[in-house]
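Same order as they appear, the protein sequences are chains A and B.
The first sequence maps to residues 1 to 175 in my numbering.
The second sequence maps to residues 1 to 486 in my numbering.
Each remark here refers to the structure printed beneath this line.
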Amino acid sequence: MTKRYALGIFEDEDVLLHAVENVRAAGVKIHDVFSPYPVHGIDDALGIERSRLPIAAFFFGMTGLAFALWMQIYMLGFDWPMNIGGKPHIALPAFIPVAFELTVFFTCHGMAITFFTITGLYPRFKVPVMDVRATDDKFVMAIELDESSSQLPQLTQLLRDNGASEVNQKEMTTK
Amino acid sequence: MQHVSAVREPLVTGGKTLHDVTQDICYQVEAKPNIRWMAALSVALFFLGVFFYSVYRTVWFGIGEWGLNKTVNWAWDITNFVWWVGIGHAGTLISAVLLLFRQKWRSSINRAAEAMTIFAVICAAMFPVLHMGRPWLAFWVFPLQNTYGSLWANFNSPLLWDVFAISTYFTVSLVFWYIGLIPDFATIRDRAKGTIAKFSYSMLSFGWKGSAKAWSRYETVSLILAGVSTPLVLSVHTIVSMDFATSIVPGWHTTIFPPYFVAGAIFSGFAMVLTLMLITRVVFRLEDYITLEHIALMNKIMMVTGSIVGVAYITEFFIAWYSQVEFEQYAFINRATGPYWWAYAAMMTCNVITPQLVWIRRVRYSIPLTFVLSIIVNIGMWFERFVIIVTSLHRDYLPSSWAMFSPSIIDIGLYVGTLGLFFTLFLLFAKFFPVINMAEVKTILKYTVDNGPTYNPKRAAHATPAPQPAIHGAPASAPVNYNKHD
């Protein structure tokens, strides 16, 4: 399916932030904003909810901790107790280092997998982008157009009034 | 613009624009390899050859190829292991701890420092694996049931903790580093002309587009990873030190080891970061990004951690006397005055005296002096591990089994070989990966001054930062929100 977008190109993050606020205030739905670096404050301006990733991180960590403690207690305490210098089979203080390392291991890799999955990041042959300059020095605001692109003139005016240095049109084919 | 400080030194000099940053960093990736890089790679590859030869000898004939004997059964191998792991710690300190402390100057050095961490851990891992004698059975360290029954790994052993610590450290550093690389790979991908380059960087960039939501999650994930990496980096060298501290060998059995090893690790790591950065900034012409201010700041960290190490040396000596344990006292007296006095003297000179020179401002800001100091510290920290390991072992409780250690040619080959491995990996990284985190440097451009505002060339005319810069296309009446962003 082919979709059309109006692209407002901005030169500065502060101008972009105002533009985002004003464009949304004007009742226009913004498809997405692409920037070469994270623009602080844009989440609020775009109305992006606060990420729940930290909650996931906590549960990954707890999973790692529980797994590590279970593994060590089961292996050395129940499955094959070894007499090591007459010390207790379940020597909890000695299990702490591995428990800590596995907590970190699970948190980190769980977070990485979650991040890649929800953001849709995976190796691919070709990456269609709105504007190649968005990873260099330009801030790109994409607004979805309808079939006839009838809103384009007003949108161009709105974006220009809010500091866009260029307004382009782009067709993107999506599956 | 609203956070420009008139007092602080600029983090990036040369009045760079966003596009300049992209150009400067991508240049090295896109240009044909220069002759100096080729020459350096040839030398590194030669030593990599030495490494492979030494590995072949060690694996084929066994660890009898090394200079170990019945008394000194741990020597260069573990010295090199601890040395390399320690070097890695500075990278994580820069990428994680300084991120949590919001030290913006880390932006231009964190990428290369993290790469250094990963390569140093690879080099470190070679030694314990080769010391197993039968490295093809290395998987036995993991808690797998052996073939005869249900005997598991011994979780009470610090050596097993080390396995978990090092493998966690390596994989976590790798993931953290790679997530940071993704936006920069996307930048290179969008500039790439050739088919192969376009294809490779498309694959590497994981389809990154820089959308607002992706950036928001990226920042959250970076903070979480930094949050878990900070205690991780402290735990790794703590556990390495427990390889020694939990034993009852005089000279090793000390409670001061964990903090002392962590400080030493960061100390030697920063020395290696300085060595690498001083070369990288000249070879790749990155003087505007890795400024004298960066060098001075790293020198200060080196001085602080070096002083902690110095205090630890003296404390150790005092506690040996204070403990009234004859064997403990002998271990330390023997260290300083015994047959290995020269190693001890080298350690004391390089690690205690050298970092104190950094108090002098001229030393801190001098490139040649810093370079020499960083090399001396690297040597000193190698000797520290040698002193701890060999002098504690070579004279044990039974004088009839006292012995000296001398390295075999294979020992030496393995050590210089890992240097070859390290530099091969680092040079390949420096050529094909962006050596500076472009996205992160771009975030600080607006908040740093270089003889007036740097970010927008149109603003260069103003001597003081204007609250509302004349930005192309912006309406003059556009209000500025001063509280919105950091």
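C-beta atoms are modelled at their ideal positions from N, C-alpha and C, and glycine is treated no differently.
_Local Cβ density within 10 Å of K16 (chain B), reported as buried at 16 or more and exposed below that_ = buried
*Whose Cβ in chain B lies nearer than 8 Å to the Cβ of I84 (chain A)?*
Taking a Cβ-Cβ cut-off of 8 Å, the neighbours of I84 (chain A) in chain B comprise N154, N156, given in sequence order.
*Would you kindly report the start and end of the unbroken alpha helix (DSSP H) that includes Y5 (chain A)?*
Where Y5 (chain A) is concerned, there is no enclosing alpha helix (DSSP H), although the beta strand (DSSP E) it sits in stretches over 2-10.
*Are any of the Cβ atoms in chain B nearer than 8 Å to that of R124 (chain A)?*
yes
_Secondary structure, alpha helix (DSSP H): runs of 4+ residues fully inside the segment 53-101 of chain A_ = 53-72
*Local conformation of N299 (chain B) per DSSP, three classes*: The DSSP-derived three-state label of N299 (chain B) is helix.
*Starting from F34 (chain A), follow the beta strand (DSSP E) in both directions and report where the run begins and ends.*
32-34
*So, I188 (chain B) versus F206 (chain B), is the Cβ gap smaller than 8 Å?*
No. Outside cutoff.
*Any heavy atom of the ligand ADP closer than 7 Å to the Cβ of M172 (chain A)?*
As presented, the structure is devoid of all ligands, the ligand ADP included, so that no description of it is given.
_Just to make sure I have the definition right: I need the residues of chain B whose C-beta is within less than 7 Å of the C-beta of V104 (chain A). Which are they?_
T168, V172, V228, L232
_A142 (chain A) - partner residues in DSSP beta bridges_ = A:L7, A:D32
*With DSSP as the reference, label N334 (chain B) as helix, strand or coil.*
Here N334 (chain B) sits in helix by DSSP.
*Does any C-beta atom of chain A lie closer than 8 Å to the C-beta of M38 (chain B)?*
no
_Three CB pairs or more closer than 8 Å across the segment 403-419 of chain B and the segment 319-338 of chain B_ = Three or more beta-carbon pairs separated by less than 8 Å are not found between the segment 403-419 of chain B and the segment 319-338 of chain B, which leaves the two stretches without contact.
_Please state whether the Cβ-Cβ distance between F59 (chain A) and A164 (chain A) is less than 8 Å._
no
_Sequence-distant residues of its chain with Cβ nearer than 7 Å to M347 (chain B) (five each side left out)_ = G380, F383, E384, V387
*Exposed or buried, which one is F78 (chain A) when buried takes at least 16 other CB atoms within 10 Å?*
exposed
*Please classify E287 (chain B): does DSSP put it in a helix, a strand, or coil?*
coil
*Assign T173 (chain A) to buried or exposed, taking buried as 16 or more other Cβ atoms, counted over all protein chains shown, within 10 Å of its Cβ.*
exposed
_Residues that F34 (chain A) contacts on chain B, provided the C-beta gap is smaller than 7 Å_ = The contact set of F34 (chain A) on chain B, defined by CB atoms closer than 7 Å, consists of K209, G210, S211 in chain order.
*Closer than 6 Å by C-beta to I239 (chain B): which residues in its own chain qualify, once you throw out the five before and the five after it? Chain order, please.*
W161, D162, A165
*Residue of B:I360, B:S107, B:A40 minimising C-alpha distance to V12 (chain B)*: B:S107
*Which one or two residues does DSSP pair with V127 (chain A) in a beta bridge?*
According to DSSP, which records beta bridges pairwise, V127 (chain A) is partnered with nothing at all.
*Just checking my contact of F115 (chain A) with S35 (chain A) at CB under 8 Å: how many whole Å lie between their CB atoms?*
Going by Cβ atoms, the distance from F115 (chain A) to S35 (chain A) rounds to 18 Å, so no, they are not a contact pair.
*Would you decide whether A345 (chain B) is buried or exposed? Buried here means 16 or more other CB atoms lie within 10 Å of its CB.*
exposed
*Per-residue contacts from S235 (chain B) into chain A (C-beta, under 9 Å)*: Per Cβ cutoff of 9 Å: P97, F100, E101, V104.
_Tell me the DSSP secondary structure of K484 (chain B) in three-state form._
Here the model assigns K484 (chain B) a pLDDT of 39, short of 50, so the residue's position is not dependable and the matter cannot be decided.
*Coarse secondary structure for E171 (chain A), derived from DSSP in three states*: Strand at E171 (chain A).
_Bridge partners for E328 (chain B) per DSSP, in chain order?_
Beta-bridge pairing links E328 (chain B) to no other residue.
*Please compile the residues from chain A whose C-beta is within a distance smaller than 7 Å of the C-beta of T443 (chain B).*
Y37, P38
*Tell me the DSSP bridge mates of E166 (chain A)?*
A:I9
*Is any beta-carbon of chain A found at less than 8 Å from that of F164 (chain B)?*
yes
_Among B:S222, B:D190, B:F199, B:V172, nearest to G180 (chain B) - alpha-carbon criterion_ = Cα-wise, what sits closest to G180 (chain B) is B:S222.
*Taking only beta-carbon positions, decide if A66 (chain A) is within less than 8 Å of chain B.*
For A66 (chain A), not one C-beta of chain B is nearer than 8 Å to its own C-beta.
_Residues, ordered as in the chain, of the segment 185-196 of chain B that lie near chain A by beta-carbon distance below 8 Å_ = Per Cβ criterion, the list reads A186, T187, R189, D190, R191.
*Could you name the residues of chain B that T107 (chain A) contacts, counting a contact when the two beta carbons are closer than 8 Å?*
I224, V228
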